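Enquirer:
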Amino acid sequence: MRESVTVQQVLAQVIANHFPGSTLREESGEYTVDLGEGLPSIAVTIRSVDEQNLNAVMFTLVVYGGGFGMVGSTINGSGYGETLREAVVMAACNWACAFGPVLLAGIGRPDLISTEDPRYEQFETTLDGRRYLVTSGHLDRGINADKDEVSAWRERLGGSIALTSAVLDGGAIPASRSNDVIGLETYLGIGPKNLPEVKYGLDDWTPAINTWQQVPNREDGYRMLREWATLSPLEPAPPLTRELVQRYLDLLAALGDDASSPAGWLGGRYHGMRLGEVATPEQLAEWGALPERAKWFFENIAVTGAGPGYGLDVRHLGQGWLHLAEAGCGAFWVLRLQDGAVGLDSRECDGQVQQVAPDVMTWFEKWLDQMLRGAPTYGVWDHSADVPAHSLSKLLAEHRPENLADVSFKLAIRTGEGRPVGPCHACEQRFAQFGIASSVFSTAPRR
Ligand SMILES: [Zn+2]
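Okay, so the sequence shown: first residue is 128 according to the numbering used here, each after it adds one.
1) Return the chain-ordered ranges of every alpha helix (DSSP H) run that is complete within the region 229-286 and spans a minimum of 4 residues.
2) Note down the Cα distance separating GLY447 from PRO363, rounded to an integer number of angstroms.
3) Judging by CA-CA distance, which residue of THR210, PRO389, GLY204 and GLU209 is the nearest neighbour of GLY227?
4) If you measure from the CB of PRO572, is any heavy atom of ligand 1 nearer than 7 Å?
5) Rounded to whole angstroms, what's the CA-CA distance from ALA429 to GLU370? Just pull it up for me.
6) Let me know the secondary structure DSSP gives ASN321 once reduced to three states.
7) Check whether the region 205-218 touches the region 174-187, taking contact to mean three or more Cβ pairs, one atom from each stretch, closer than 8 Å.
8) If you draw a straight line from the alpha carbon of HIS552 to that of GLY562, how long is it in whole angstroms?
9) Quick check: what's the CA-CA separation for PRO515 versus GLY395?
10) Hey, how far is the Cα of ALA272 from the Cα of MET351?
11) Which residues neighbour ligand 1 when neighbourhood means a C-beta less than 7 Å away from any of its non-hydrogen atoms? List them by chain order.
12) Which of the three DSSP states, helix, strand or coil, is assigned to ALA433?
13) Kindly give me the distance between the Cβ atoms of LEU151 and GLN135, rounded to whole angstroms, as I take these residues to be in contact under 8 Å.
14) Please list, in chain order, all residues of the same chain as ASP513 whose beta carbon is under 6 Å from its beta carbon, the five residues on each side excluded.
15) Under three-state DSSP, which class holds GLU157?
16) For THR338 and VAL308, what's the separation of their Cα atoms in angstroms?
17) Find out if the Cβ-Cβ distance for the pair VAL487, ARG420 is shorter than 8 Å.
18) Quick one: what's got a C-beta closer than 8 Å to LEU523's C-beta in the same chain, skipping five residues either side?
19) Taking DSSP's pairing of strands, which residues face SER565 in a bridge?
20) Output the residue ranges of the alpha helix (DSSP H) runs that lie fully inside the region 137-185 and measure 4 residues or longer, sorted by chain position.
21) Can you tell me the Cα-Cα spacing of ALA484 and ALA468, whole angstroms?
22) How big is the Cα-Cα spacing for ASN144 and VAL160?
23) Kindly give me the distance between the Cβ atoms of TRP414 and PRO435, rounded to whole angstroms, as I take these residues to be in contact under 8 Å.
24) Given that a residue counts as buried once 16 or more other Cβ atoms are within 10 Å of its Cβ, and exposed if not, what is VAL137?
25) Is GLU413 helix, strand or coil when you go by DSSP?
26) What span of residues does the alpha helix (DSSP H) with LEU290 cover, start to end?
27) Candidates LEU449, GLU276 and SER287: which alpha carbon is nearest ASP466's?
28) Please return the same chain residues whose Cβ sits closer than 6 Å to the Cβ of HIS398, not counting the five positions on each side in sequence.
29) Determine the closest residue to LEU361 out of ARG304, LEU451 and THR172, with distance taken between C-alpha atoms.
30) Going by Cα to Cα distance, which pick from TRP490, ALA539, SER473 and VAL190 is closest to LEU329?
31) Should ARG574 go down as buried or exposed, given a rule of 16 or more other Cβ atoms within 10 Å for buried?
32) Out of THR252, ASP255, LEU376 and TYR247, which one is the CA nearest neighbour of GLY286?
33) Please report the straight-line C-alpha distance between THR575 and VAL229, rounded to a whole angstrom.
34) Cα separation between PRO547 and PRO301?
35) Would you call LEU322 buried or exposed, if buried means 16 or more other Cβ atoms sit within 10 Å of its Cβ?
36) Could you compute how far the alpha carbon of GLN482 sits from the alpha carbon of VAL342?
Now the structure itself:
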């Protein structure tokens, strides 16, 4: 088992064995377990394999589809053994036995649990006025700390749902906006340096990371406590208010300030994650008869400030259309006055126009929900024709990828009419992956 692909295959196969009726799918060397028709899939990624010092494997799973929605949720695992194979098999077995039942009960299918003596707990919680059913399980381990000591620490912190409850009660986990089940992973390594981790949806949720600041360090070894919970909405999301949107935005702003984060990319920096003004009577008069939900949104949420792309910039475009927001790279979102549907006009990029939401509320909520769940970027079209993508291809033809960060250049993006615009989030992120600073985008609007 020298190849990590083999490790991935074994891990995926062992997980599949724990879900009767599931199938293993291979696509360009990547393995996914499909639990069955209408059920979630589990994509397997190997993070690291250590055959040098001890036989260890660390892996990441993404659970998506069938109740979890297409964004999905991340969950980590690890295993050690006498041999690498034993480490992989143990890692997969332990994960599937501890969290397989959580997954199935979380999507309302406890009847599919095949694990003997499954251990999970269910309780209700309310986040931002929305009720959820929480299903939680745990899987602990120690390094230079025996089993009894690890379980003593769990008891000391509050028992089987200690980490999940502490994070939920701490107020830093926002309600989601969609009806999908969302995963909440909590981990605390107690040792010389305490290692806390919280994942909400796909990515790290740093606003909740300070939950265990009071837990003392230990001189040697690690007591590794891990919980995975699923949050299943029991009722629709309550109506948006300006206060609730601003709470979401404040939490999202705390996620980080690099190009991949909602607040750190050029669009997020431009609107500063702050809602602007609501519509004035003069604006409403100018825009004429508005679809009901659009009117409510403009009067009660905002027409400027934080929003998808470079933020809300609601204005008349004429011929039955309102401009909503710039996505970057020349693409923008529009509202059709006739029925209130929201479209993404990316003709400057890939030549397409597509409808993305039935109304402005749904469009805005989808943006919030995707960010809350750690989805990479919002606003999807084929970016390969975007101006930055062309520039990147040219740069890669002339320089080695690892040298791109040192190449000095400026990139001006202009629409067909010559109007200067910033990059879209996907393009800025792509540049960041090559170490190219966002300051190269000379036409990005800045505040
Ligand atoms: Zn782009």
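Just so it is clear, CB atoms sit at the ideal spot from N, CA and C, and this is done for glycine as well.
Keep in mind the model is a prediction, meaning the values are calculated, not measured.
Expert: Short version:
1) 274-284
2) Along the sequence shown, read from residue 1 onward, the residue named residue 447 stands at position 320. Along the sequence shown, read from residue 1 onward, the residue named residue 363 stands at position 236. For GLY447 and PRO363, the distance between alpha carbons rounds to 32 Å.
3) As a working note, residue 227 is residue 100 in the sequence shown. Looking at the Cα atoms, GLY204 is the closest of the given residues.
4) Here residue 572 refers to the residue found at position 445 when the sequence shown is read from its first residue. The beta carbon of PRO572 sits no closer than 7 Å to any heavy atom of ligand 1.
5) Here residue 429 is taken as the residue at index 302 of the sequence shown, counted from 1. Here residue 370 is taken as the residue at index 243 of the sequence shown, counted from 1. Their backbone Cα atoms lie some 12 Å apart in a straight line.
6) Start at 1 with the first residue of the sequence shown, and residue 321 comes out as number 194. Correct three-state label for ASN321: coil.
7) yes
8) Translated into the one-based positions of the sequence shown, residue 552 becomes position 425. Translated into the one-based positions of the sequence shown, residue 562 becomes position 435. Each residue's Cα considered, the two are about 15 Å apart.
9) As a first step, residue 515 is located in the sequence shown; it is residue number 388 there, counting from the start. As a first step, residue 395 is located in the sequence shown; it is residue number 268 there, counting from the start. Using only the alpha carbons, I get a separation of about 19 Å.
10) Position 145 of the sequence shown holds residue 272. Position 224 of the sequence shown holds residue 351. One C-alpha to the other measures close to 9 Å.
11) Those satisfying the condition are, in chain order, GLY455, CYS456, CYS476, HIS510, ASP513, PRO515, ALA516, PRO550, CYS551, ALA553 and CYS554.
12) Looking up residue 433 in the sequence shown gives position 306. Of the three classes helix, strand and coil, the one that applies to ALA433 here is coil, per DSSP.
13) Numbered from 1 along the sequence shown, position 24 holds the residue referred to as residue 151. Numbered from 1 along the sequence shown, position 8 holds the residue referred to as residue 135. Actually they do not touch by this definition, with Cβ atoms about 11 Å apart.
14) For the purposes of this step, residue 513 is identified with residue 386 of the sequence shown, where counting begins at 1. The residues are CYS456, CYS476 and CYS554.
15) Here residue 157 refers to the residue found at position 30 when the sequence shown is read from its first residue. Looking at GLU157 - three-state DSSP - the assignment turns out to be strand.
16) For the purposes of this step, residue 338 is taken as the residue at position 211 of the sequence shown. For the purposes of this step, residue 308 is taken as the residue at position 181 of the sequence shown. Straight-line Cα distance between these residues: approximately 23 Å.
17) Against the sequence shown, residue 487 aligns to sequence position 360. Against the sequence shown, residue 420 aligns to sequence position 293. Taking a C-beta distance under 8 Å as the contact criterion, VAL487 and ARG420 qualify as a contact pair.
18) One-based indexing of the sequence shown puts residue 523 at position 396. Excluding positions up to five away in sequence, the list reads LEU531.
19) Locating residue 565 in the sequence shown gives position 438, counting from the first residue. In the DSSP assignment, SER565 forms no beta bridge with any residue.
20) none
21) Within the sequence shown, numbered from 1, the residue matching residue 484 stands at position 357. Within the sequence shown, numbered from 1, the residue matching residue 468 stands at position 341. For ALA484 and ALA468, the distance between alpha carbons rounds to 6 Å.
22) The residue given as residue 144 occupies position 17 in the sequence shown. The residue given as residue 160 occupies position 33 in the sequence shown. Across the structure, ASN144 and VAL160 are spaced so that their CA atoms are roughly 10 Å apart.
23) Residue mapping note: residue 414 aligns to position 287 of the sequence shown, counting from 1. Residue mapping note: residue 435 aligns to position 308 of the sequence shown, counting from 1. In this structure, TRP414 and PRO435 do not form a Cβ contact; the two beta carbons are roughly 19 Å apart against a cut-off of 8 Å.
24) Position 10 of the sequence shown holds residue 137. Label assigned to VAL137: buried.
25) By 1-based counting over the sequence shown, the position of residue 413 is 286. Helix.
26) Residue numbering aside, residue 290 sits at position 163 when the sequence shown is read from its first letter. Per DSSP, the unbroken alpha helix (DSSP H) holding LEU290 starts and ends at 289-296.
27) In the sequence shown, the residue the question calls residue 466 occupies position 339. Minimum Cα-Cα distance from ASP466 among the listed residues LEU449, GLU276 and SER287 corresponds to LEU449.
28) Taking the first residue of the sequence shown as position 1, residue 398 is located at position 271. Take HIS398, set aside five residues on each side of it, and the residues of its chain with a beta-carbon closer than 6 Å to its own are GLY432, ALA433 and GLY438, in chain order.
29) Translated into the one-based positions of the sequence shown, residue 361 becomes position 234. Considering only alpha carbons, the answer is ARG304.
30) Against the sequence shown, residue 329 aligns to sequence position 202. Checking every option, the nearest Cα to that of LEU329 belongs to VAL190.
31) By one-based count along the sequence shown, residue 574 stands at place 447. By the neighbour-count rule (16 or more Cβ atoms within 10 Å), ARG574 is not buried but exposed.
32) Locating residue 286 in the sequence shown gives position 159, where the first residue counts as 1. Residue TYR247 is the option with its Cα nearest to GLY286.
33) Not covered by the structure: residue 575. The range shown for the chain is 128 to 574.
34) Position 420 of the sequence shown, counted from the start, is the residue given in the question as residue 547. Position 174 of the sequence shown, counted from the start, is the residue given in the question as residue 301. Answer to the nearest angstrom: the Cα atoms are 36 Å apart.
35) Walking along the sequence shown from the start, residue 322 turns up at place 195. That one is exposed.
36) Mapped onto the sequence shown, residue 482 falls at position 355. Mapped onto the sequence shown, residue 342 falls at position 215. About 50 Å.
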